[in-house]
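Chains as they are written, first to last, in my numbering: chain A, 1 to 424; chain B, 1001 to 1424; chain C, 2001 to 2424; chain D, 3001 to 3424. Think of the CB as a built atom: it goes at the ideal place given N, C-alpha and C, for glycine as much as any other residue. In what follows, a single structure is set out as structure tokens and then discussed.
Shown next, in the form of structure tokens:
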């Protein structure tokens, strides 16, 4: 489904006068609104192909209907999101769920929607039909070299598919680990994993990156072989200059200071990208910013400061992606909410008075430091985010337009009520 | 599959002399070995019907083969466990997974295996085929009275089936809750749930109990409507004398002092039963005692002290059940390990020198208090647990005999490699 | 130190025009700004006498200078805060630190500052010079009746002093608990504590309340005898209608859903009051709203909804207090930041579109529920909070005026650099 | 106070026959008892000078009496511990608390007690009298170079004192960090700290090591500048071959897998030493093994495996120290309990059937892996630990002898009831 240009136009027209009034006010409240608007326009967040259908837990899944059943439909959905918010120009595919036999057609389709292919994702945490060896006891870490080889081969195949599609990065999330004390030798698991990663690394094209994602726990419940940023960084350093750490906000132990990790990874030149989501207990994979919006802002505060300090390009030098599971919301609405929350946090971080902050830090004026950050966070920058959309031809209020247009109804009509998005 | 009596006998014979030597020593180390042996013989732990197959996570499941495909096969498996350890005489069924059309046959079968039916479990956390209303947004808490009614009716049906089978209790675990702030009104959710529980309570036979299980999170990731012991106790108190709280060891926030909760629930006369398992991060559902065996001992220490103080019968006055998920182990071996760990913890708790402990507590002699508990925990009581099995005609080393007898191989031969236990 | 009226006036004058512009905008953004302004004007937050000096940890304390050395100076400091924000009209005293020999003088002084006496706090977590029995092993829980008696007597003495001063409530925070498994019998500790509380309860005047505060851990590191809301509620229910639970935001296990606890305590008619602060790891006692401002808003969202539903008076029916430790900030500035954050969260909660929220909840429109709450939270209500201050004759920007007036410098000049506020 | 040799002899004589019976049994249960006995005899655990007095929290401290008031008395106390258990031959000093003006006398005294000097500890988390700059806002991280310089100078002075005493290592625990978002720039704090550490590193003698201790939180409650093992390893790698990471068991986020961290640090050749203690909530500094004895065993399991694999010497190649706070126990008894728990865990780890474990891991026989570890943990090795003491001329039951000898009474008689151990 695709919106007609005039649908967006008439939607915007209705909201325009109120929007402009708010924009005027917001532009006065923020010292650098032009800069923020420019940065917001450039910023694009990758949508994971697996997040377009209803998610679930081990206890069950409650489908919504109209879910995309193949890669073409997934592109269609993301295309629609991008029409609505002009901030979702990238697609993150998952192999084998999204393997296509007709690459040129898929590339053409993506181009029509204004989309490009962000990091490719391999899958060695599930057994596929006709797979020779099982990943029940790990993949790249496995004690059996044959199993490792199979997993390596799969990752190289994912790179191959990515090259054809024009992607430039491979994200490796490993479920590898153990459920019980004694089950594996931590050191050997690390060494096996490193050796496997090195083989994959060797297969990377010159202009590619590989992201080593870490996660504290789940689906293994005792140890994870890439369990925290320290371990991921060890791998990335041993692999070489094309290897980076990927941070997923839900992959930490309780109370972790993620923004500090972000800052240090940037310092080391080893931050590769992000999986945005939010959580209260574990890897809850909830909508970005729904639970701890101040933390999201603080993370962006470090990102902006650290990237600027290194002269990095906000848009391209890190991979920005959502990774979420939509168990009780319409996935497309959920993704719109996530993108909105991310853009707000980014805009707020851009609005921080950095000169004043550096000075207050230099004076250990803790009260003032807090005032400066809170000033940025408490200011309502939504009009700036909306204006960036407006200028890009997208909707002032994406969810409102999505609902007015009865998109879900239409998708169910086209795809049926019982479809299940491929994947989990 | 069933073991021949002589299989057990010849297994025991081989181990007997070493066992007796150990038993002699253990009996000297513990001041009340006869009492412990008696208590261990009586103690029986319910096996959940859903834990006989390989478990999984939202990321996947790696089957083992030979899993029971129906209630008859589940009883067969539990019968085998009980042959091996003489401590698994109870079955906890789950409806609708275990609904049977031939109750008398099932009862006869259970009797043949020496099994009886422990608490029945209802399921309103999944949608069953042909179910009119969805539980996507809760069941007993649902804003729509029709949905609540459907869930109530299901629970009453579970009671009906339980009555036929000779069960005496209903366990209600509710996934009800919310994933996002604002999604529901906590108070109304509580009130709806209470009202629903009251209707179910009314349908309880006079000699039945209902257990209200609590859980901190998962599958809902913001709030759970029976989220902690305090909430469960509120429900139980408002319901009446047949309502009790059920404690699952994995259902708490990080660092919770579960043994204190146990003690206070006993004090209030409202502890109903247990779901044993172990965990490191959340509701990991690992083998009992595999991660924090000292905690398991401390819990039993409170149970023994608290039950004795109230004159309760260890065997019958609480419902003792395992609730676990066997993702990387043979489920039957895992259950044997769990039962062994539980029996060890129970034996250690029974061996605590209570007179000395009370005196040390009275004197605030904290060092001595710790010495007394550690003395019980550090003493190797496994020979007592083995002796209790021996006296009951079970195996000195259940897992060894299970493996010698090549049970899994036989189950796969009989049931096939691709069977999936009904349930999750 | 006291500000001259014209200091405030000239401060406000400079900021007025900008303020009015913002106020106009904010009043348009919020549907009920008049109501909010009225509520904000009424709302008063108690300042704890022990938070006026620099706090510390077991590792040390870094004093600031100019700290109040007696109750007169503490009242002076709070009077100043109240001049600045018109929202700190209440004082929460701590006995014996704030025991006075001249009650009439203190009452007169308080009246001059526009202050009244909020809940009184007893102290049985420290040994005072000349105290007969030690609280090393607890106070109201102690195995020795003589120790309990001493602690009961102290609490009754605190009530007596409170009556003289015009306070209407006693807050009991107990450090009682244990550091090691086995150290105490949980049930007996509960029973002793209950018995002790009952004696104190008996001594309460008819128009007094007693607040039973709970805390998960610290200074005891294994168990706490009033460890969570469930335990506190048990005590409160057993004590009677004048006993209530007091919630301190930092007194929970990781990831606890505090807003749900608040809602249920209101439902039970047993929420008595609040200790505001913020934290990342434990009872960090940081500035309210500095870490998780959305959580603070969600808590106020439940407070407003729950109080309104019960017809409670926002201002008087709960005790609103700060409890914080100012280790690296000027305590007075820190308190101003806390009050500001609390007022913002309260204003945002008041601005929630409740009719729409109820409807969205009724339809399980989770996306909409989230939008409604985020709309309230993302709106910048600071102009409303400032306006409430302005109308009450306080400062538009309290911290700015505090700094312009060089208050700390003056306090150091008057009181010296080495003064230590009585207390911890 | 010092025990007479015949006191120990007569104590042992009374317990000998029972002990020998137990030893005989334990030696049969364990396949390598001779090896274990040898290793236990060699193993020595450093006692921190600051743990000889009663500890406290920010809420207070309850003294015991008879606490050592100077370094001579501290050595006396540790000498006594070493007489009792023959496993406490090392002292870990803290400067400036233990600065001595008469080094030769102190060295002679230590030698008389059979003690040597383990890692020296610097203190830049408190302000000392007459100190020019405050550490309120950090030391090695401080924005002001003068403050950093002062802290560097202090560390170099600690090395100097250590060299005189014969120590070979410096432990740097930094409280540096921040309490509020925005307070510091994480990257600059890291860089300042690194630069400072490099200056200290340069001052290290050739045969010295420096240990960089990490801690998740407290006394700073937002960020810590050496916050986790990943950060510590970054510093250690950047510093050079004499820099190592030091692990304190209480310095992690909830649920951290410490044994995996230990294994990986050993793999990297960067594990330097240990601070043993136990905890339930945070850095509770409780007696080693009092809360999670299985975790302690699992850590030793990794230590033994990893050290053996690298050909490391158990006794000397890592620094083994206790770091605890004795709030409710007699510190000397508490230390005896800690050492006992550590020796038990070490003995159990030594008894693990490594050949069988490697094979089971190679076969992914998870059940067997668990059985092997649990076999080691459930076996009662206390007789081996006692025998190692006996052979070294120490007491079979150290705490019993300590109590029989009425040591505390004597210490109070000699030192008085109101003495306070220097330090916290």
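Problem - Sequence-distant residues of the same chain with beta carbon closer than 7 Å to residue 2328 of chain C, five excluded per side - result: none
Practice task
Compare the C-beta of residue 3181 of chain D against all C-beta atoms of chain C and say whether one is closer than 8 Å.
Solution key: yes
Practice task
Taking only beta carbons into account, state which residues of the segment 3110 to 3140 of chain D come closer than 8 Å to chain C, listed in chain order.
Solution key: 3125, 3126, 3127, 3134, 3135, 3136 and 3137
Exercise for the section: Could you tell me whether any Cβ in chain B is nearer than 8 Å to the Cβ of residue 199 of chain A? Expected result: no
Handout entry: Under the three-state DSSP convention, the category residue 2121 of chain C falls into
Key = strand
Problem - residue 2321 of chain C beta carbon less than 8 Å from that of residue 2119 of chain C - result: yes
Handout entry: Partners in chain B for residue 3302 of chain D, counting only beta-carbon separations shorter than 9 Å
Key = Simply none; closest approach about 16 Å.
Exercise for the section: Please classify residue 382 of chain A: is it buried, with 16 or more other beta-carbons within 10 angstroms of its beta-carbon, or exposed? Expected result: buried
Exercise for the section: Answer yes or no: do residue 3215 of chain D and residue 3248 of chain D have a C-beta to C-beta separation smaller than 8 Å? Expected result: yes
Exercise for the section: Please work out which residues of its chain come closer than 8 Å, Cβ to Cβ, to residue 2279 of chain C, disregarding the five sequence neighbours upstream and downstream, and give them in chain order. Expected result: 2249, 2250, 2285, 2286 and 2291
Problem - Integer Cβ distance of residue 3288 of chain D from residue 3338 of chain D, believed to fall under 8 Å - result: 4 Å
Practice task
Assess, as a yes-or-no matter, whether the segment 193 to 203 of chain A is touched by the segment 232 to 247 of chain A under the definition of 3 or more beta carbon pairs within less than 8 Å.
Solution key: yes
Handout entry: Segment limits, beta strand (DSSP E) that includes residue 3363 of chain D
Key = Counting along the chain, residue 3363 of chain D falls outside any beta strand (DSSP E), and DSSP gives it neither H nor E.
Handout entry: 8 Å Cβ cut-off: residues of chain B touching residue 280 of chain A
Key = 1217, 1221 and 1222
Practice task
Measure the Cβ-Cβ separation of residue 3333 of chain D and residue 3001 of chain D and say whether it is below 8 Å.
Solution key: no
Exercise for the section: Flag residue 2255 of chain C as yes if its beta-carbon sits less than 8 Å from any beta-carbon of chain A, otherwise no. Expected result: yes
Handout entry: Backbone secondary structure at residue 3224 of chain D - three-state DSSP
Key = strand
Problem - The alpha helix (DSSP H) enclosing residue 3001 of chain D, as first and last residue numbers - result: Unbroken run through residue 3001 of chain D: none, as it is neither H nor E.
Exercise for the section: Compute the Euclidean distance between the alpha carbons of residue 139 of chain A and residue 3180 of chain D, then round it to the nearest angstrom. Expected result: 41 Å
Exercise for the section: Specify the secondary structure class of residue 2186 of chain C as computed by DSSP and reduced to three states. Expected result: helix
Handout entry: Buried versus exposed call for residue 1376 of chain B [16 or more other C-beta atoms within 10 Å across all chains shown]
Key = buried
Exercise for the section: For residue 2293 of chain C, decide whether its Cβ has a neighbour in chain A, counting only Cβ atoms nearer than 8 Å. Expected result: yes
Practice task
To the nearest angstrom, report how far apart residue 1040 of chain B and residue 2098 of chain C are at their CA atoms.
Solution key: 58 Å
Practice task
Run down chain C in chain order and give the residues with a C-beta less than 7 Å from the C-beta of residue 3175 of chain D.
Solution key: 2059
Practice task
Label residue 313 of chain A either buried or exposed according to how many other C-beta atoms from any shown protein chain fall within 10 Å of its C-beta, with 16 as the threshold for buried.
Solution key: exposed
Exercise for the section: Report yes or no: is there a C-beta of chain D within less than 8 Å of the C-beta of residue 1407 of chain B? Expected result: no
Practice task
Would you identify the three-state DSSP class for residue 1048 of chain B, choosing helix, strand or coil?
Solution key: strand
Exercise for the section: Can you tell me which of the three DSSP states residue 379 of chain A falls into? Expected result: coil
Practice task
Write down every uninterrupted run of the alpha helix (DSSP H) in the segment 2226 to 2251 of chain C whose length is 4 residues or greater and which is fully enclosed by it, in chain order.
Solution key: 2229 to 2239
Handout entry: residue 2213 of chain C versus C/2272, C/2263, C/2199 and C/2253, residue with shortest Cα-Cα distance
Key = C/2272
Practice task
Check distances from the C-beta atoms of the segment 3366 to 3391 of chain D to those of chain A and list, in chain order, the residues that come in under 8 Å.
Solution key: 3366, 3369, 3370, 3372 and 3373
Problem - Contact the segment 1145 to 1165 of chain B vs the segment 1073 to 1088 of chain B: 3+ CB pairs below 8 Å - result: no
Practice task
Consider the Cβ of residue 1091 of chain B: report whether some Cβ of chain D lies at a distance smaller than 8 Å.
Solution key: no
Exercise for the section: Using the Cα positions of residue 252 of chain A and residue 2165 of chain C, report the straight-line distance between them to the nearest angstrom. Expected result: 50 Å
Handout entry: residue 116 of chain A versus residue 29 of chain A: straight-line alpha-carbon distance, rounded
Key = 35 Å
Exercise for the section: Would you list, in sequence order, the uninterrupted alpha helix (DSSP H) runs of no fewer than 4 residues that lie entirely inside the segment 2303 to 2354 of chain C? Expected result: 2331 to 2351
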